[in-house]
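Visitor: Going from the sequence shown to the working numbering is simple: count from 1 and add 1126. Cβ atoms here follow ideal geometry from the backbone N, Cα and C, with glycine treated the same way.
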Amino acid sequence: MLKIEELVHAFIYSQCDFEKEIVLTNHFQADWEADILIVDAEGFSHEIEIKLSKSDFKNDFKKSYTNFSTGEKFLKHDKISCGDYVCNAFSFLLPMGLVDHALIPEHCGIIEFYHNVDSWDTEFYTIRKPKKVHEDSYWTLNDKDLFIRKIALNLLYRKMEIKGKHEELIFKNPFDIKKLK
1127 MLKIEELVHA FIYSQCDFEK EIVLTNHFQA DWEADILIVD AEGFSHEIEI KLSKSDFKND
1187 FKKSYTNFST GEKFLKHDKI SCGDYVCNAF SFLLPMGLVD HALIPEHCGI IEFYHNVDSW
1247 DTEFYTIRKP KKVHEDSYWT LNDKDLFIRK IALNLLYRKM EIKGKHEELI FKNPFDIKKL
1307 K
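#1: Using alpha carbons as the reference points, say which of K1285, W1246, H1172 and H1203 lies closest to F1189.
#2: Consider the Cβ of F1154: report whether some Cβ of chain D lies at a distance smaller than 8 Å.
#3: So for W1158, helix, strand or coil by DSSP?
#4: Going by beta carbon distance, what residues of the same chain come within less than 7 Å of H1241, once the five residues before and after it are set aside?
#5: So what does DSSP say about I1192, is it helix, strand or coil?
#6: If you run the structure through DSSP and keep just helix, strand and coil, what is K1180?
#7: With three or more beta-carbon pairs closer than 8 Å as the criterion, would you say the segment 1167 to 1183 touches the segment 1256 to 1276?
#8: Just to confirm the assignment, what range does the beta strand (DSSP E) spanning I1130 have?
#9: Can you tell me which of the three DSSP states E1249 falls into?
#10: Considering Cα atoms alone, identify which of V1212, L1150, I1176 and H1233 is closest to D1269.
#11: Using only the alpha-carbon positions, how far apart do T1196 and D1210 sit?
#12: Could you spell out the range, first to last residue, of the alpha helix (DSSP H) harbouring S1207?
#13: How big is the Cα-Cα spacing for L1282 and D1161?
#14: DSSP beta-bridge partners for K1199?
#15: Tell me whether L1150 sits in a helix, a strand or coil according to DSSP, three-state version.
#16: Output needed for N1152: all residues of its chain with C-beta closer than 8 Å, excluding positions within five of it in sequence on either side, in chain order.
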């Protein structure tokens, strides 16, 4: 069975242009995590949400968040569809035939994949391009310096996490929260 990490790897290496795009995986975007976030040279941003089961797909439409300053609750896809969202576009990445396309809101792009278990090849098909929900650049809505610092911290965290798994560290890993009481 194809693991989500293998699917992400296959997608970004076959569909993304690393010379022209910033590509992040498991990036916290506003109040939720983007499975894949792509920001192009002009600042156009596209979030891709991976769903491998019907129940996981349905649950995405139940996600609600509370505005800290007003206390107002809103649903994730209501926020996206009205353009009150940091990304310019949103798509679902799904196994072929998992969800009837009519169940996917019009603002969402649809990317389906087929994974051949014999050859281990994964093919991607853009069924519907996402609608642009607003024209603002990602960098107009996000502090670019803070974004770079956050990426650097995440890289350091992952490096320390991997290093700690493969060799004994001679200093205390400040990112190891398991040992904190």
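Guide: Once the coordinates are examined:
#1: Just to set this straight, residue 1189 is Lys in the shown sequence, not Phe. A check of alpha carbon separations from K1189 across K1285, W1246, H1172 and H1203 identifies H1203 as the nearest.
#2: The question asks about chain D, but that chain is absent: this structure has only one protein chain.
#3: In the structure shown, W1158 falls within a strand segment according to DSSP collapsed to helix, strand and coil.
#4: Hits under 7 Å: L1128 and T1248.
#5: Strictly speaking, residue 1192 in this sequence is Thr, with Ile absent from that position. Judged by DSSP in its simplified three-state form, T1192 adopts strand.
#6: Annotated three-state conformation of K1180 is helix, per DSSP.
#7: Output reads yes: the segment 1256 to 1276 touches the segment 1167 to 1183.
#8: I1130 -> not in any beta strand (DSSP E); alpha helix (DSSP H) instead, spanning I1130 to Q1141.
#9: Three-state DSSP puts E1249 in a strand.
#10: Checking every option, the nearest Cα to that of D1269 belongs to V1212.
#11: Cα-Cα distance, rounded: 15 Å.
#12: Judged by DSSP secondary structure, S1207 falls within the alpha helix (DSSP H) whose first and last residues are K1202 to S1207.
#13: Rounded to whole angstroms, L1282 and D1161 show a C-alpha spacing of 20 Å.
#14: Per DSSP, the beta-bridge partners of K1199 are T1192.
#15: Strand at L1150.
#16: Excluding residues within five positions, the ones whose Cβ falls inside 8 Å are E1159, A1160 and D1161.
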